[in-house]
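Notes follow once the structure below has been shown.
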Amino acid sequence: MSSIMTNASAMTALQSLSATNKALEQTQGRISTGFRVAEASDNAAYWSIATTMRSDNKANSVVQDALGLGAGKVDTAYTAMNSALDVVDKIKQKVLLAKASGVEERAKIQSEIDTYVAQLRDSIGGASYAGSNLLQTTGATGKVSIISAYNRDSGGAVSTTTIDIAFTNIRLIDSGVTPPAAGTGILDTTTGAVSGVSILNIDLTDLSGVTGADETAKFDNLLTDIESALAKMTDAAAELGAAKSRIDMQKDFVSKLMDSIDKGVGQLVDADMNKESTRLQALQVQQQLGIQSLSIANTNSQNILALFKG
Numbered sequence: 025m026s027s028i029m030t031n032a033s034a035m036t037a038l039q040s041l042s043a044t045n046k047a048l049e050q051t052q053g054r055i056s057t058g059f060r061v062a063e064a065s066d067n068a069a070y071w072s073i074a075t076t077m078r079s080d081n082k083a084n085s086v087v088q089d090a091l092g093l094g095a096g097k098v099d100t101a102y103t104a105m106n107s108a109l110d111v112v113d114k115i116k117q118k119v120l121l122a123k124a125s126g127v128e129e130r131a132k133i134q135s136e137i138d139t140y141v142a143q144l145r146d147s148i149g150g151a152s153y154a155g156s157n158l159l160q161t162t163g164a165t166g167k168v169s170i171i172s173a174y175n176r177d178s179g180g181a182v183s184t185t186t187i188d189i190a191f192t193n194i195r196l197i198d199s200g201v202t203p204p205a206a207g208t209g210i211l212d213t214t215t216g217a218v219s220g221v222s223i224l225n226i227d228l229t230d231l232s233g234v235t236g237a238d239e240t241a242k243f244d245n246l247l248t249d250i251e252s253a254l255a256k257m258t259d260a261a262a263e264l265g266a267a268k269s270r271i272d273m274q275k276d277f278v279s280k281l282m283d284s285i286d287k288g289v290g291q292l293v294d295a296d297m298n299k300e301s302t303r304l305q306a307l308q309v310q311q312q313l314g315i316q317s318l319s320i321a322n323t324n325s326q327n328i329l330a331l332f333k334g
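Next comes the structure, spelled out in C-alpha cells:
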C-alpha cells in the first residue's frame, strides 16, 4: 500500500543504512587500531583479562632488566675470578721455583711475584659493574640478590623470587680491612711457615733468609696455603658460573613467557585484519546500495505526490 503520510520503504531503507554505517564505523575502528577489543565497552571480560596480562608483562619487562643487570655483575665477577685464578696459579709456580732455587735467585723471583700481586689487585679492584664489585666486599653477612621472577596468585597476592649469591662465598678481598691486617676474603690471609703473610702481601724477601732444617717445611706450608686459596677460588668460580648459567636460563624463560603472554592477549583482543578488510569492502558496497535504496524509496514518494499535482 502506498501512503503519502508514511513512507515505510524509506524508513526501512534508512534503518538498514544506519545499521550498515554503524557496522562500517566499527570495522574502520578495528582496522585503524588493530584491535577488535580496544575498550571495555567492546568486550568487558576480554578487555579486563588483556589489561591485567599487559600489566604483568610490564612487570616481567622490569624483571628482564633486573636479570640483565645481574648478569652483567656476575659475568664481570666471573671473568675477574678466572683471571685471578690464573695469576695465583702463576704465583704458586714462582713460589715452587723459589723453593728449588738458591737464595740469590729468590730476590729476582720476588720481583716477578710482586708484579703478579699488583696484577691481582688490579684485576680484583677493576671487577666493578654498575658500581658493584662482588669480589671486594666487607662484612660477615650480605649477598647479591637478583630478582628473577614476578608472581601473582589468583587472589592478587604478589611475590618475587631471587637468585642469591652470598658475598662470603666469593669474596677475594675484604674491602673493610687494610693489609696486612687479617680480613675475611679468600686472598686476605694465610697461615703457615710465614706467619701473617697474605697472598696479596707476600714477603718473599724474608724467604731469602729461610735456610736450615725448616726451610723445606716453610715452603711446603706456604704452597699448602696457596693451594687452599686456589681451591676456595675454584669453588667461588663454580658458584659464580652456576649463578651465571641460571641467570641466562631465566632470562630466556622470561623472554619466552612475555612472548607467550603477548600472543595470548592478541588472540583475545587483536583484530583479524584479513577478515576486517574483507568485511570493510562488503560494508562499503552495502552502504552504497543502502543509499540507492533510500533514494529509490524517496523517489517513489515524490512520484505519488506528482500525481496529485498533475
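The opening position of the sequence shown corresponds to residue 25 in the working numbering, with each subsequent residue numbered one higher.
For each residue, glycine too, the CB sits at the ideal point set by N, CA and C.
Non-local C-beta neighbours of glycine 166 in its own chain, meaning closer than 7 Å and more than five positions away in sequence, comprise Phe191, ordered along the chain.
In this structure, leucine 292 and isoleucine 55 do not form a Cβ contact; the two beta carbons are roughly 18 Å apart against a cut-off of 8 Å. Secondary structure at serine 42: helix, using DSSP grouped into helix, strand and coil. Between the stretch 101 to 117 and the stretch 142 to 155 there are three or more inter-stretch CB-CB distances shorter than 8 Å, so the stretches are counted as touching.
With fewer than 16 other CB atoms across the displayed protein chains lying within 10 angstroms of its CB, glycine 58 is exposed. A check of alpha carbon separations from glutamine 143 across Ala122, Val112, Leu158, Gln134 identifies Val112 as the nearest. Isoleucine 187 is a Cβ neighbour of isoleucine 271, given a cutoff of 8 Å. Under the three-state reduction of DSSP output, threonine 185 falls in the strand class. Under the 8 Å Cβ criterion, the stretch 111 to 127 does not count as touching the stretch 274 to 290, having fewer than three qualifying pairs. When Leu264, Leu247, Asp66, Glu128 are compared, the shortest CA-CA separation from glycine 94 is found for Leu264. Spanning the alpha carbons of threonine 44 and threonine 75 requires a straight line of approximately 30 Å.
DSSP places alanine 64 in no beta strand (DSSP E); its state is neither H nor E.
Asp99 is the residue among Ser269, Asp212, Asp99 whose C-alpha sits nearest the C-alpha of serine 156.
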